[in-house]
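A short write-up of the structure that comes next.
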Amino acid sequence: MEAPKTPPKSAVQSLRPFITVSLYIVVSTLVTLWLSGPSLRQIIGYSLLLAIGFVAFLGSLLVLYYAPLEGRLKLALGLIILVILLPVMGVQNTFLFEVATQVGIFAALALGLNIVVGFAGLLDLGYVAFYAVGAYLWAIVGSNQGNIAFGTDIFPLAPVWFFPFLAIAVGVAAMTGILLGLPVLRLRGDYLAIVTLAFGEVIRVVVNNLDKPINLTNGPQGIRAIQRPPLFFKPALTALGLNVDDATLYSLYFYFLVLLIVGMAVVITRRLEGSWVGRAWTAIREDELAAQAMGIPLVRMKLAAFAAGASFAGAMGMIFGAKQYFINPESFTFMESIGVLSMVIVGGMGSIPGAIVGATVVTILNLQVLKGLSLLLNQLRGTGAVIPLINYPLAQWPTQLDPAKYERLVFGVLLVIMSILRPQGIIPERRHQLELAERPAPAAVAAPTPGGGDDD
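Offset between the sequence shown (1-based) and our numbering: plus 1.
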C-alpha cells in the first residue's frame with residue numbers, strides 16, 4: 002500500500018516564513034529608528050527604551066537564523082540588516098554604532114576563546130593577555146610612545162601602516178599563544194585554568210611596570226593619541242557633496258572593519274570545525290587518552306588551538322586600541338577574560354552562532370540595559386517619584402545600588418541561571434544537541450505485583 006502523498010505547498014505557504022521574517026525586520030527597524038530620533042532623547046527612560054528597541058532589532062538576526070528559509074536568502078537578509086539597516090540607525094544615533102562595534106569585537110573574542118575552550122576543551126582564564134598584546138603592539142608604534150621608548154623620531158607610523166600591522170598583530174598574538182601553550186601541555190582541568198589565569202595577570206603586571214628602566218608602555222598612565230586607520234573614502238564623500246564629521250565617519254569605519262573581521266572569523270572557524278583539525282580538537286576534548294591512542298598529536302593540536310584562538314584576540318586588541326584612542330593596563334584585567342568566557346558559556350560552548358549570540362547578550366546587557374536602568378533611576382530621582390507599595394522616595398536611593406555597578410553580580414546570576422535551566426547554552430553545538438535529543442528517557446519503574454513474589 003502506497004504512503005499518502007503530501008499535498009504540494011501553495012505559493013502563499015512557501016512565502017509565509019519569508020513574509021513573517023521580513024515584517025519582523027521592517028517593524029523592528031522602524032521602531033528603533035523612531036526611538037533613535039532626537040525628539041525623544043529628553044523623555045524619562047529613553048536609554049532603556051532604545052535598548053529594548055535595539056535588542057528587538059538584533060533579535061531579527063536570531064529569528065532569521067531559525068527561520069525555515071534557504072541559506073542564500075538568509076545570508077542576503079542578514080547582509081541587508083547588518084550592511085544597510087544598522088548603519089542607517091547608527092547615523093541617526095552614533096551610540097548604536099558604539100554598541101554594535103563593541104558587540105562585534107567581543108563576538109570575535111568569543112569565537113577565538115570558543116576554539117580553545119569549546120573545540121579543544123582547554124580552559125583558558127588568561128585570554129585577555131592576547132588582547133593586550135595586539136593593543137599594545139599598535140599603541141607603541143602608532144603613537145609618540147615609540148619615540149620615547151626607542152629614542153627616535155620616526156613614530157607614530159603613518160595611518161596607512163595600520164593594515165600591515167593588523168596582520169603582524171595576528172602573528173605576534175599567535176606566537177604568544179604558542180609560548181603560553183608550551184608550559185601547560187601536560188596540565189588539565191583546574192591546574193590548566195590556574196596557570197592560564199596567572200599568565201593573563203603576568204602580562205597585565207608587566208605592561209603596568211614597563212615604564213622603567215625603558216619606558217615602553219608608559220606604565221599605569223597608559224598610551225594615548227594612538228593613530229587611527231586612514232579615512233581613504235572621505236574625499237569621495239566630499240566630492241559627492243556629503244559632508245560628514247570625522248567622528249561619525251570613524252564610527253562607520255570601525256563598524257564595517259569589525260564586521261568584516263567577524264565575518265572572516267566565522268568562515269575560518271567554520272572551516273576549522275569541519276576539518277580534520279577540528280575533529281582532532283573534539284577528540285582531545287572528549288577523551289585525551291583515547292585521542293592519543295588513536296594517533297592524534299596532542300602537542301601540535303593543543304598549540305594550534307592556543308595559536309588560533311589568540312590570533313583573533315590580537316587582531317581585535319589592535320582595533321580596540323585604535324578605536325579607543327587610549328589604552329592602559331586596567332583595560333585588560335582578569336574580569337575581561339571572565340566576561341568573554343561567560344559569553345561562550347551563555348551562547349553554547351563549541352557553537353559558532355552561540356558564541357556570537359552570547360557576546361551580543363552580555364555586551365548589550367552591560368552597555369545598554371544596566372546603564373539604561375541607572376540613567377532611568379537618575380532621572381526619576383529628580384521627579385520626586387517613589388517606589389510603589391513602600392512609598393520609598395527614589396531621591397534617597399543610594400548611588401551605591403545603581404544597577405550599572407553590579408555588572409559582575411548580574412553576570413554571575415546569569416551564569417547560574419543558564420547552568421540550571423539551559424546548561425548547553427542558548428544555541429548549543431549541533432553535536433551536543435543531537436546527543437541530548439538521542440539520550441533515552443529514564444526507564445519507568447515497574448509496579449510491584451499484588452503477590453509480591455515470582456510466578457512459578
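Using N, Cα and C, we set each Cβ at its ideal position, and we do this for glycine too.
Give the range of the alpha helix (DSSP H) segment to which residue i is assigned.
{"i": "residue 362", "result": "353-365"}
{"i": "residue 326", "result": "Unbroken run through residue 326: none, as it is neither H nor E."}
{"i": "residue 68", "result": "Per DSSP, residue 68 belongs to no alpha helix (DSSP H) and is neither H nor E."}
{"i": "residue 381", "result": "372-382"}
{"i": "residue 221", "result": "Neither: residue 221 is in no alpha helix (DSSP H) and is coded neither H nor E."}
{"i": "residue 285", "result": "277-287"}
{"i": "residue 205", "result": "190-210"}
{"i": "residue 135", "result": "129-142"}
{"i": "residue 172", "result": "163-182"}
{"i": "residue 422", "result": "408-422"}
{"i": "residue 104", "result": "95-114"}
{"i": "residue 236", "result": "235-240"}
{"i": "residue 123", "result": "Careful: residue 123 lies outside any alpha helix (DSSP H) and carries neither H nor E."}
One question on the structure: do residue i and residue j come within less than 7 Å of each other, judged by their Cβ atoms?
{"i": "residue 134", "j": "residue 174", "result": "yes"}
{"i": "residue 314", "j": "residue 120", "result": "no"}
{"i": "residue 319", "j": "residue 150", "result": "no"}
{"i": "residue 292", "j": "residue 284", "result": "yes"}
{"i": "residue 365", "j": "residue 56", "result": "yes"}
{"i": "residue 336", "j": "residue 110", "result": "no"}
{"i": "residue 48", "j": "residue 93", "result": "no"}
Roughly how many angstroms lie between the CA atoms of residue i and residue j, to the nearest whole one?
{"i": "residue 428", "j": "residue 242", "result": "45 Å"}
{"i": "residue 23", "j": "residue 89", "result": "17 Å"}
{"i": "residue 380", "j": "residue 159", "result": "45 Å"}
{"i": "residue 2", "j": "residue 303", "result": "Low confidence applies here, because residue 2 scores a pLDDT of 48, under 50, leaving its location unreliable and the question unanswered by this model."}
{"i": "residue 50", "j": "residue 177", "result": "43 Å"}
{"i": "residue 35", "j": "residue 252", "result": "21 Å"}
{"i": "residue 424", "j": "residue 271", "result": "23 Å"}
{"i": "residue 203", "j": "residue 141", "result": "19 Å"}
{"i": "residue 406", "j": "residue 420", "result": "23 Å"}
{"i": "residue 223", "j": "residue 327", "result": "7 Å"}
{"i": "residue 282", "j": "residue 290", "result": "13 Å"}
{"i": "residue 71", "j": "residue 65", "result": "10 Å"}
{"i": "residue 31", "j": "residue 86", "result": "10 Å"}
{"i": "residue 217", "j": "residue 162", "result": "20 Å"}
{"i": "residue 99", "j": "residue 262", "result": "16 Å"}
{"i": "residue 11", "j": "residue 287", "result": "Summary for residue 11: the model assigns pLDDT 49, below 50, so the residue's position carries little reliability; its value from the coordinates is reported in the next sentence. Their backbone Cα atoms lie some 46 Å apart in a straight line."}
{"i": "residue 445", "j": "residue 430", "result": "With a pLDDT of 48 at residue 445, under the threshold of 50, the modelled position of this residue cannot be trusted; read the value that follows with caution. Roughly 29 Å separates the two Cα atoms."}
{"i": "residue 112", "j": "residue 360", "result": "9 Å"}
{"i": "residue 403", "j": "residue 53", "result": "19 Å"}
{"i": "residue 255", "j": "residue 391", "result": "47 Å"}
Based on the DSSP output, what are the partners of residue i in its beta bridges?
{"i": "residue 394", "result": "387"}
Next item on the list: Evaluate the contact criterion for the region 341-348 versus the region 133-147: three or more CB pairs, one atom per stretch, below 8 Å.
Entry: no
Notebook entry, point to check: Touch check for the region 121-129 and the region 195-207: three-plus C-beta pairs under 8 Å?
Noted result: yes
Checklist line | Meets three-Cβ-pair contact criterion under 8 Å: the region 210-229 and the region 350-362 | finding: no
Next item on the list: Inspect the CB distances between the region 103-123 and the region 264-280 and report whether three or more fall short of 8 Å.
Entry: yes
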